[in-house]
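Here the structure is laid out as structure tokens; the discussion comes afterwards.
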Amino acid sequence: MDLEGLSTNQSDPDSWLTVVNDTVVGPHPKSANAANIVVWSLVCACITVFGLGLATCKFFRDQYEKPENKLKRKKRSEVEKKDREEKAVTAVKRDPIMAENFLQRLKQKKSDKYLNIEVRAIVRNQDEFPYSVSMTPENVLKNVNQDVVPYDHARVILQSVPHRENGYINASYIDGYSQEKEYIASQGPKQKTVPAFWHMVWQESVHCIVMATGLFENASQQCDKYWGDVFSMQKYVRHGDIHIWLDSTMEIAQLTIRNFRIKRDGEAEERSVKHFEMVGFNDEATDPGFLLDCIRRVNTFMLGVTGPILVHCRCGGGKTAVFIALDCCLKQLEREGCIDIYSTVLHLRKFRKNMVRTLYQYRLIYEAAAMHIQCGTTVVPSAQLPAVVQRLAIKDPRTRLHGFEKEHQIIKNIATRLSIGDCAGGHRSENRTKSRDIMLLPPERARPYLLTSESSDNGTDFINAVFIDGYYQENNFLVTQWPMQNTINDIWRLIYDYKIMSLVVLNDVKYSRSHPCFWPSDLDVEHKYGPIGVRYIGCQKFPNIVIRAFAVRKNLTCMSDITAEYAVVKTFQLTCWPAKEKTPHSSKSMIYLMGCVEEWQQRTNPLNPVCIMSKDGYTRCGVYCVTNICLDQLKAEGEVDVFGAVRVVKKNRPDLVPNVVEYVFCYSFVVTVLDIMQEDKPKIVITGPASKGGQVNRGYHVDMSGLHGNLFNNDEFSNLITKTSQISFHQGFDIQPPLDSKNLAAKGHITTQRAALAHLQIPSIDSVSVSSAESIYESDQGESLIMNKPVVPNLTVANGVRMGSRYEENNNVRVQNGHGNLTNSSFSGNGPLATPSAFYSTASSSRSSNSEIFRGDFVPTQKPLRESRTKRPTLRRQDATDSDAVEMKMLETKNQTDESLSLQISPL
1 MDLEGLSTNQ SDPDSWLTVV NDTVVGPHPK SANAANIVVW SLVCACITVF
51 GLGLATCKFF RDQYEKPENK LKRKKRSEVE KKDREEKAVT AVKRDPIMAE
101 NFLQRLKQKK SDKYLNIEVR AIVRNQDEFP YSVSMTPENV LKNVNQDVVP
151 YDHARVILQS VPHRENGYIN ASYIDGYSQE KEYIASQGPK QKTVPAFWHM
201 VWQESVHCIV MATGLFENAS QQCDKYWGDV FSMQKYVRHG DIHIWLDSTM
251 EIAQLTIRNF RIKRDGEAEE RSVKHFEMVG FNDEATDPGF LLDCIRRVNT
301 FMLGVTGPIL VHCRCGGGKT AVFIALDCCL KQLEREGCID IYSTVLHLRK
351 FRKNMVRTLY QYRLIYEAAA MHIQCGTTVV PSAQLPAVVQ RLAIKDPRTR
401 LHGFEKEHQI IKNIATRLSI GDCAGGHRSE NRTKSRDIML LPPERARPYL
451 LTSESSDNGT DFINAVFIDG YYQENNFLVT QWPMQNTIND IWRLIYDYKI
501 MSLVVLNDVK YSRSHPCFWP SDLDVEHKYG PIGVRYIGCQ KFPNIVIRAF
551 AVRKNLTCMS DITAEYAVVK TFQLTCWPAK EKTPHSSKSM IYLMGCVEEW
601 QQRTNPLNPV CIMSKDGYTR CGVYCVTNIC LDQLKAEGEV DVFGAVRVVK
651 KNRPDLVPNV VEYVFCYSFV VTVLDIMQED KPKIVITGPA SKGGQVNRGY
701 HVDMSGLHGN LFNNDEFSNL ITKTSQISFH QGFDIQPPLD SKNLAAKGHI
751 TTQRAALAHL QIPSIDSVSV SSAESIYESD QGESLIMNKP VVPNLTVANG
801 VRMGSRYEEN NNVRVQNGHG NLTNSSFSGN GPLATPSAFY STASSSRSSN
851 SEIFRGDFVP TQKPLRESRT KRPTLRRQDA TDSDAVEMKM LETKNQTDES
901 LSLQISPL
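Its first residue numbered 1, the sequence shown is counted upward by one per residue in UniProt numbering.
Shown next, in the form of structure tokens:
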């Protein structure tokens, strides 16, 4: 080892190496002690510093946690936040947003909570005007809300009022986008202010009243019912010196449209007033598309009349302001291509105090404007639909998407997103096994709660089903999945609890453990599905359609001497939709299926929901709901909105109509219906009775006396379903057609075309009287025909009105000597047209051996249905009792080779 570079001086005490026998053995002991001292010093210093740091942190933490310091920090934070908000509020300015940038700006405003800042800026920057007249002692009691009153310079002053009145009414003139005094914003009439309200309507020549609320909201009355009942003895009501007649009513989901006639004492002039009651406009969850549709209807009506639009809600400052502001913004968008909602609301507050009162209402204006920019006007007149479909089929060379794909993508973007919290019931542990797809669950706000209790472990109130709105009423459909082994009892509990009379099955599945048969197949044997007893009555088979009838009742185990009554439920199964296909093979069979369902609903209770079922609970179901809505709209108004119908059905179940193929089929289905209706067929003139008190009722009663038709067996059904006829309808009391085309159905004049007929081929006939008592039908072979109710849908294009459905008489059928006598027969469809076609039986069944006839002892007859006066009527069950049951019998002839099957319907 080379030690030249090392210190080896043994006499040097500071030498850090020691050499023994020329060997280096380590540092000097004194040097090692010094190094240890340094190390320990450093360690102690670190510990001391760390301890002091902990003590310091504890001291500051204690000071920070003191209540007085917390209060100081809170106050300082509030002051800083207020300063920031004040700066933001001060910075808000009138800034019109171009249409192409509106969606992006709205998204940014929502994320930054900027809408709240704009609302505060509106309150801060609004112009203040005197409103002393509204605060006088005699006028204070006339106000619903003292915070929403008219300014003195803009209030409506009533002229020529009685001496005891001072001419005050809580109403304000509002300037529109391009017209002065385009609107009148008013509070909802109270009982004492109804005469003044109608006085204002007459004085200001109002022809359109928009009631931006329902009569009741959350069990709270919004305003007094200031119009009369159509069935009143006097046929009109009188408020002050104004007489009001209610001519007709059209009820659709969330909206009721009425036609009034008003006349003032001492004047010969008579005016018409259109009334729009926006039942679906509430302060919780209003659909922006519903607002846009109401504004479209109001503006369409105002094209033919003059005068201001009278808008009112409860106080005249919240939902009234939303309607007016949105209408002004849409007109600004049409003229200038931009929208300034902030400036519009400030403009409204110049005429009436506290217009647009909440952040929700302000956000609703933004969301409705955004939906209009995204979707535009999607309602298409029936005559233009084929051209629109052709335009949508063209592919855009830039995006390589055709119009159908673009529309479907827009609907997906605006569809409601459901969170786990929205669907909490389905995510509970006891309910998770009741769904085929745990991510496809109904929201709590729209699911049916099972009411009939069950003692088994699966006996919860949950079923994977969801309510879907129809065209005429809310919650018109119940969409559900094919039952599993553990949910078969639940489907029958659902049918019983919600009084479902029609179950539409859109799959023809092969029964298996995953898709079991959930109905009994043994005739006249009651099977128990939990607390519900089900008895199979029979079935009738048509090409692509199988109709089964079941008698359903609840088992009463607590009292052995009491038995529940049966109610008849029918299942309508479409068999022409293969499992691997996204659309059915026959659109016409689906049309006929809808007719069968509608006919049965009319016979029982049209207010009860229709249950729609598919294997997974979302494919196919949306197609049925959308096409049904479109057909109803086509019949009532002569126009179609496929886009809007899809948007409506996806509100509660966003997975409905999941792909473009189903969306395109909805369009093609409506086009097929129009093609059928436009075929050139012989005319049929039908005369119906006058409507009761001006009210147009569902289902015109038609007597087909003297009509002889040819019966065709089931083999010829698929060919006969394409047969159509053109029908002109006139009510007996009419002398000449009305001039207002919008009220054609209300006055009873409807010119339209008939739907496809099943089995029966009808030649041209003359007008006949409704009072004809008897009609005999024979086939060309001399065989007797016994007919039930019509089942083909009423495919009618007319400016019609939805009518209240009811059958006033029962059908009496007698079989004598092989001939069927139809006494007091009434055929009725839904809407302005009746289509006589139905289930038939013939004396010759050699070619229809695959048909089974309904039989059993528990098939109910129809009962007169009372008119519903509410938008959410109580569901009523049509039970089969001893007094009104209808017996379906299978008759046999003596000739064994020619077996005769006749369907007899007669009250017991």
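We put the CB at the ideal spot given by N, CA and C, even for glycine.
Check: Distance between Ser134 and Arg398 (C-alpha atoms, nearest Å); Outcome: 60 Å
Check: Helix, strand or coil at residue 910 [DSSP, three-state]; Outcome: What the structure shows of the chain is the stretch from 1 to 908, and residue 910 is not part of that stretch, so it cannot be assessed.
Check: Sub-9 Å separation of Leu158 and Ile174 beta-carbons; Outcome: no
Check: Span separating the alpha-carbon of Cys328 from that of Thr344; Outcome: 7 Å
Check: Spatial neighbours of Glu336 in its chain, beta-carbon cut-off 8 Å, leaving aside the 5 residues before and after; Outcome: Pro96
Check: Ala268 - DSSP class collapsed to helix/strand/coil; Outcome: coil
Check: Element boundaries [alpha helix (DSSP H), containing Gly425]; Outcome: Ala424 to His427
Check: Inter-stretch contact (C-beta, 8 Å, three-pair minimum) for the stretch 467-475 and the stretch 499-519; Outcome: no
Check: Span of the alpha helix (DSSP H), counted from its first residue to its last, around Lys319; Outcome: Lys319 to Glu336
Check: Beta-carbon spacing of Ser186, Thr306 below 9 Å; Outcome: no
Check: For His515, three-class secondary structure by DSSP; Outcome: coil
Check: Leu346 (DSSP reduced to helix, strand or coil); Outcome: helix
Check: Backbone secondary structure at Ala465 - three-state DSSP; Outcome: strand
Check: CA nearest to the CA of Lys87, picked from Ile117, Leu71, Ser111 and Phe102; Outcome: Ile117
Check: Between the CA atoms of Gly167 and Glu405 - distance to the nearest angstrom; Outcome: 58 Å
Check: Inter-stretch contact at 8 Å, needing at least 3 Cβ pairs: the stretch 580-597 / the stretch 429-439; Outcome: no
Check: Status (buried if at least 16 other CB within 10 Å, exposed otherwise) for Trp577; Outcome: buried
Check: Buried or exposed (CB count within 10 angstroms, at least 16 for buried), Gly53; Outcome: exposed
Check: Beta strand (DSSP E) segment containing Glu251, residue limits; Outcome: Ile242 to Ile252
Check: Boundaries of the alpha helix (DSSP H) in which Asn489 is found, first to last residue; Outcome: Ile488 to Asp497
Check: DSSP-derived helix/strand/coil call for Lys434; Outcome: helix
Check: Assigned exposure category for Ala369 - 16 Cβ within 10 Å defines buried; Outcome: buried
Check: Tyr536 (DSSP reduced to helix, strand or coil); Outcome: strand
Check: Ala564 versus Gly376 - alpha carbon distance; Outcome: 53 Å
Check: Sequence-distant residues of its chain with Cβ nearer than 8 Å to Gln191 (five each side left out); Outcome: Asp224
Check: According to DSSP, residues forming a beta bridge with Phe550; Outcome: Tyr536 and Val569
Check: Span separating the alpha-carbon of Arg120 from that of Val89; Outcome: 7 Å
Check: Residue interval of the alpha helix (DSSP H) (run including Ala369); Outcome: Leu359 to Cys375
Check: Whole-number beta carbon distance between Val670 and Val649, since they are thought to touch under 8 Å; Outcome: With 8 Å as the limit, Val649 and Val670 do not qualify as a contact, their Cβ atoms being about 15 Å apart.
Check: Spatial distance of Lys541 from Phe665 (CA atoms); Outcome: 25 Å
Check: Environment of Arg569 [buried if 16+ CB atoms lie within 10 Å]; Outcome: Correcting the residue type first, residue 569 is Val in the shown sequence and not Arg. With 16 or more Cβ atoms within 10 Å of its Cβ, Val569 is classed as buried.
Check: Residue 935: first and last residue of the uninterrupted alpha helix (DSSP H) it sits in; Outcome: The chain is shown only over 1 to 908; residue 935 falls outside these bounds and no answer can be derived.
Check: Supposed close pair Gln601, Val610 - CB separation, criterion 8 Å; Outcome: 7 Å
Check: Distance CB(Arg314)-CB(Thr193) smaller than 9 Å; Outcome: no
Check: Distance, Arg261 Cα to Gly188 Cα; Outcome: 20 Å
Check: Cβ contact check for the stretch 351-367 and the stretch 382-389: 3 or more pairs under 8 Å; Outcome: no
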